[in-house]
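Q: A single structure is presented below for examination.
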Amino acid sequence: MDTVAHISRALVSVSDKSGIVDFCEVLAEMGVEILSTGGTMRALQEAGVPVTAVDEYTGFPEMMDGRVKTLHPKVHGGLLALRDNEQHMAQAKANDVQMIDMVVVNLYPFEQTIAQEGVTLEEAVEQIDIGGPSMVRSASKNFRHVTIVPGPEHYDRVLAEMREYNGETTLQTRKELALAAFEMTCRYDAAISSYLRKQFTEAEGFPTVIAPKLRKVADLRYGENPHQSAALYQDLGANEPGVAGAVQLHGKELSFNNYLDLTAALESARDFEEPTAIIIKHLNPCGAASADTLALAFEDAYTADPVSAFGSVLGFNRVVDAETADQIFNSDWLEEVVKPRFYEESGLTDLTIIGAFVEAIIAPGYDHDALEILRGKSKMMRIMLLEDFAPAGRVKDLDMRSIPGGMLVQDRDYAAVLPEQWQIVTEATPTDEQIRSMVFADRIAKHVKSNAIVLVQGTHIVGCGAGQMSRVDSSIIAARKAGDRAMGAVLASDAMFPARDGLDAAAATGCSAIIQPGGSRRDDEVIEAANEHGIPMVMTGMRHFWH
């Protein structure tokens, strides 16, 4: 098998004309005959690049408003013929089929078209490329002999190699370009099928076939652990802004775990309307608070569990101001405000608060002074900007999780039950202040790994029990984290109490009110236990498991 292939004739037909004139000028200087169509041909002619019209080459005119241009045996025969197959070459000669050694094609801008507001189905359909993908596939299939160039990002590489090898390309390059081309057509077809499914079907349910459009953004240093390799891919079909599309303003390269924790911080923070600060550790909020200002919210969130907050990731749902930024690494604030408040309110004086260490921050913006403060405090901390900090549920992207041999797909858990939809199931009725805390507690419990128990004072966490196999154990952990602050707190559970032992454990924390989904066969026993403890309890009817 030849390792190099000489380029004598190239067919050029592009929608994105970036750099195409310069590229073809060099091809022409190397003696390459250029075939072209439509707008590409006109652009080359206007630049003085020698070019032959495809319809002149095939002897068959463009027709049907340009829908039929390159769908011709003289084009595809010249692309698919195996140069080392005597029968192929004899048939080509007998039918006056010339060899085409290079195809330079990028496709009609279908995705850009459907992204425009108000685009009609007819307008979208006209941007479904037929001839382009056909040539791309023919050229890519015959990578042994034909060079496919599927985008402007490949021009420099191809020209450099042709200069080095006297007008030829290497087999390795042709293989890599063919792979890139097939990946391009795969994404293109996935975008079309996804769009048309939305246009043509009204039935509820999930697609029969899902073809994620993922583009590699970066190789990561390692995965969750140093022995695991990892990379970041961006979902080109995503409707919801996420961490993969955030801009890094400062700090070290993001790690695999940073991306996970930043996502947890983002998902939690944008679930709240009021100024909110979230502190994430290993995907769980060890601190969360809403307040009148972002600085007050951060103080409440940090004071919840300053021990666990060491090495955390922060999420804010407002533009970070200088006051908030200054608190993050302010040792005086830590010594004079956080430590005394934590020890006094919790009674946990045996715990040692090491100090502030933040891995990363994500927010919809940073004012100038805040950014200067944060950059000056730490060279390492990653500062992430996601301006389109959409409220949760604005769009309906799917939640997809890989399992060996398959993928689980579900709707994202954006739902929430409003207080007027709750059912008060106990003799005691919650106060307005307790209801306000219940709303916050129920919403933040959704972002805690199951089994989840959250204790809340006002609108900030004071204790969190996450990821336990037993809901009783989660209650015990939440109470231990809260210390004295558990007394009078509102308790939220992400799922039902299956029996009264869980409710008894919850009551033992000292909480003053409980919010939970209900739904156990033993709800009557659980309600009876709440009445015995004199604790008002509401049932939302909506579970929020998170595995």
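Mapping the sequence shown onto the numbering used here, position 117 (from 1) lands on 479, and the numbers just tick up by one.
We put the CB at the ideal spot given by N, CA and C, even for glycine.
Between which two residues does the alpha helix (DSSP H) harbouring Val-682 extend?
A: By one-based count along the sequence shown, residue 682 stands at place 320. Unbroken run through Val-682: none, as it is neither H nor E.
Q: Taking all protein chains shown into account, decide if Arg-536 is buried (16 or more other Cβ within 10 angstroms of its Cβ) or exposed.
A: The residue you call residue 536 lines up with position 174 of the sequence shown. So Arg-536 ends up on the buried side.
Q: Cβ of Gly-825 within 7 Å of Cβ of Met-858?
A: Here residue 825 is taken as the residue at index 463 of the sequence shown, counted from 1. Here residue 858 is taken as the residue at index 496 of the sequence shown, counted from 1. For Gly-825 and Met-858, no; Cβs fall outside 7 Å.
Q: Checking the sheet assignment: what are the DSSP bridge partners for Thr-531?
A: Working through the sequence shown from its first residue, we reach residue 531 at position 169. The partner list for Thr-531 (beta bridge, DSSP) reads Ala-367.
Q: Using CA coordinates, which residue listed in Gly-864, Ala-848 and Asp-846 is at the minimum distance from Ser-832?
A: Within the sequence shown, residue 832 is the residue found at index 470, counting from 1. Checked all of Gly-864, Ala-848 and Asp-846; the closest Cα to Ser-832 is Gly-864.
Q: Sorted by chain position, which residues of the same chain lie with C-beta nearer than 6 Å to Ala-626's C-beta, five sequence neighbours on each side aside?
A: In the sequence shown, counting from the first residue as 1, residue 626 sits at position 264. The answer, listed in chain order, is Ile-642 and Leu-645.
Q: As a quick exercise: from His-822, Ala-390 and Asp-446, pick the residue whose alpha carbon is nearest that of Arg-525.
A: Taking the sequence shown and counting its residues from 1, one reaches residue 525 at position 163. Of the listed residues, the one whose Cα sits closest to Arg-525 is Ala-390.
Q: Please report how far the alpha carbon of Met-363 lies from the alpha carbon of Val-411, in whole angstroms.
A: To locate residue 363, count along the sequence shown from 1; it is residue 1. To locate residue 411, count along the sequence shown from 1; it is residue 49. At Met-363, the pLDDT of 42 sits below 50, so the modelled position is not reliable; the number obtained from the coordinates is stated separately. Those two C-alpha atoms are separated by around 34 Å.
Q: Can you tell me whether DSSP reads Leu-594 as helix, strand or coil?
A: Along the sequence shown, read from residue 1 onward, the residue named residue 594 stands at position 232. Three-state DSSP puts Leu-594 in a strand.
Q: What's the C-alpha gap between Ala-543 and Phe-505?
A: For the purposes of this step, residue 543 is taken as residue 181 along the sequence shown, with counting starting at 1. For the purposes of this step, residue 505 is taken as residue 143 along the sequence shown, with counting starting at 1. Going by the C-alpha atoms only, they are around 11 Å apart.
Q: Anyone know if the C-beta pair for Lys-678 and Ala-722 falls short of 7 Å?
A: Here residue 678 corresponds to residue number 316 of the sequence shown, with the count starting at 1. Here residue 722 corresponds to residue number 360 of the sequence shown, with the count starting at 1. In the sequence under discussion, the amino acid at residue 678 is Phe, which differs from the Lys named in the question. Their beta carbons are not under 7 Å apart, which means Phe-678 does not touch Ala-722 by this criterion.
Q: What span of residues does the alpha helix (DSSP H) with Lys-739 cover, start to end?
A: Here residue 739 corresponds to residue number 377 of the sequence shown, with the count starting at 1. Note, Lys-739: alpha helix (DSSP H), 730 to 739.
Q: Determine the direct distance from the alpha carbon of Glu-749 to that of Asn-457, and round the result to whole angstroms.
A: On the sequence shown, residue 457 is found 95 positions in, with the first residue counted as 1. On the sequence shown, residue 749 is found 387 positions in, with the first residue counted as 1. Answer to the nearest angstrom: the Cα atoms are 59 Å apart.
Q: Quick one: Cα of Ser-496 to Cα of Ala-650, how far?
A: Along the sequence shown, one-based indexing puts residue 496 at 134. Along the sequence shown, one-based indexing puts residue 650 at 288. Their backbone Cα atoms lie some 54 Å apart in a straight line.
Q: Is it right to say Arg-568 is buried, meaning 16 or more other beta carbons lie within 10 angstroms of its own, or is it exposed?
A: The residue given as residue 568 occupies position 206 in the sequence shown. According to the sequence provided, residue 568 is Phe. The question's Arg does not apply to it. By the 10 Å Cβ count, Phe-568 comes out exposed.
Q: For Ala-663 and Asp-729, which I take to be in contact (beta-carbon distance under 8 Å), what is that distance rounded to the nearest angstrom?
A: By 1-based counting over the sequence shown, the position of residue 663 is 301. By 1-based counting over the sequence shown, the position of residue 729 is 367. That belief does not hold up - the Cβ atoms of Ala-663 and Asp-729 are roughly 20 Å apart, past 8 Å.
Q: What are the boundary residues of the alpha helix (DSSP H) that includes Phe-634?
A: Here the question's residue 634 lines up with position 272 in the sequence shown. Element bounds for Phe-634: n/a, residue is neither H nor E.
Q: Would Ser-812 and Trp-695 qualify as a contact pair, given that the criterion is a beta-carbon distance under 7 Å?
A: Position 450 of the sequence shown, counting from 1, holds the residue named residue 812. Position 333 of the sequence shown, counting from 1, holds the residue named residue 695. No, these two residues do not count as a Cβ contact at 7 Å.
Q: Near Phe-704, which residues of its chain fall below 6 Å by C-beta distance, leaving aside the five closest residues on each side in sequence?
A: Within the sequence shown, residue 704 is the residue found at index 342, counting from 1. These residues qualify, in order along the chain: Thr-665 and Pro-668.
Q: The alpha helix (DSSP H) with Asn-468 in it runs from where to where?
A: Here the question's residue 468 lines up with position 106 in the sequence shown. Segment 464 to 468 is the beta strand (DSSP E) holding Asn-468; no alpha helix (DSSP H) there.
Q: Does the beta-carbon of Asn-620 have 16 or more other beta-carbons within 10 angstroms, so that it is buried, or is it exposed?
A: The residue you call residue 620 lines up with position 258 of the sequence shown. Under this definition Asn-620 is a buried residue.
Q: Using a Cβ-Cβ cutoff of less than 8 Å, which residues in the same chain neighbour Ile-786 once the five nearest sequence positions on both sides are dropped?
A: Here the question's residue 786 lines up with position 424 in the sequence shown. Within the same chain, Ile-786 has close Cβ partners Pro-792, Pro-898, Met-899 and Val-900.
Q: Hey, Lys-578 and Ala-552 are a contact pair by Cβ (cut 8 Å); roughly how many whole angstroms apart?
A: Your numbering for residue 578 matches position 216 in the sequence shown. Your numbering for residue 552 matches position 190 in the sequence shown. Their Cβ separation, rounded to whole angstroms, is 16 Å, which puts Lys-578 and Ala-552 out of contact at 8 Å.
Q: With Gln-796 and Val-888 assumed to form a contact (beta carbons below 8 Å), what rounded beta-carbon distance in angstroms separates them?
A: For this step, residue 796 is matched to residue 434 along the sequence shown. For this step, residue 888 is matched to residue 526 along the sequence shown. For Gln-796 against Val-888, the beta-carbon gap comes to about 18 Å, at or over 8 Å, which does not count as contact.
Q: Going by alpha carbons, who is nearest to Met-742 out of His-612, Glu-515 and Ser-502?
A: As a working note, residue 742 is residue 380 in the sequence shown. Closest option to Met-742, Cα to Cα, is His-612.
Q: For Lys-701 and Ile-715, what's the separation of their Cα atoms in angstroms?
A: For the purposes of this step, residue 701 is identified with residue 339 of the sequence shown, where counting begins at 1. For the purposes of this step, residue 715 is identified with residue 353 of the sequence shown, where counting begins at 1. One C-alpha to the other measures close to 7 Å.
Q: Ordered along the chain, which non-local residues of its own chain (more than five positions away) have a Cβ less than 6 Å from that of Ser-740?
A: Counting from one through the sequence shown, the residue named residue 740 turns up at place 378. Residues of the same chain with a CB within less than 6 Å of the CB of Ser-740, apart from the 5 flanking positions on each side, do not exist.
Q: Less than 8 Å between the CB atoms is what I'm expecting for Leu-373 and Leu-397, so what's the real figure, rounded?
A: What you label residue 373 is simply residue 11 of the sequence shown in a count that begins at 1. What you label residue 397 is simply residue 35 of the sequence shown in a count that begins at 1. Leu-373 to Leu-397, Cβ: 5 Å. Contact.
Q: Please look up how many angstroms separate the CB atoms of Ala-600 and Phe-618, rounded, as I've assumed it's under 8 Å.
A: If you number the sequence shown from 1, residue 600 lands on position 238. If you number the sequence shown from 1, residue 618 lands on position 256. In fact, because the Cβ distance is near 19 Å, the residues do not count as touching under 8 Å.
Q: Cys-648 and Ser-670 look like a contact to me (Cβ under 8 Å); what is the Cβ gap, rounded to whole Å?
A: By one-based count along the sequence shown, residue 648 stands at place 286. By one-based count along the sequence shown, residue 670 stands at place 308. With a Cβ gap of about 4 Å, Cys-648 and Ser-670 count as contacting.
Q: With DSSP as the reference, label Gly-825 as helix, strand or coil.
A: As a position in the sequence shown, residue 825 is number 463, starting the count at 1. Here Gly-825 carries a strand assignment [DSSP, helix/strand/coil].
Q: Given a cut-off of 7 Å, decide if Pro-514 and Gly-381 are closer than it, judged by their beta-carbon atoms.
A: Here residue 381 is taken as the residue at index 19 of the sequence shown, counted from 1. Here residue 514 is taken as the residue at index 152 of the sequence shown, counted from 1. For the pair Gly-381 and Pro-514, the CB atoms are nearer than the 7 Å cut-off.
Q: Among the candidates Ser-764, Ala-803 and Thr-902, whose CA atom is the shortest distance from the CA of Leu-780?
A: The residue labelled residue 780 in the question sits at position 418 within the sequence shown. It is Thr-902.
Q: Mapping DSSP to helix, strand and coil, what is Ala-670?
A: Reading the sequence shown from its first residue, position 308 is the one you call residue 670. Here the sequence assigns Ser to residue 670, which means Ala is not the residue at that position. Coil at Ser-670, not helix or strand.
Q: Going by C-alpha to C-alpha distance, which of Met-464, Glu-697 and Pro-860 sits closest to Ala-501?
A: Numbered from 1 along the sequence shown, position 139 holds the residue referred to as residue 501. The candidate whose alpha carbon is nearest that of Ala-501 is Met-464.
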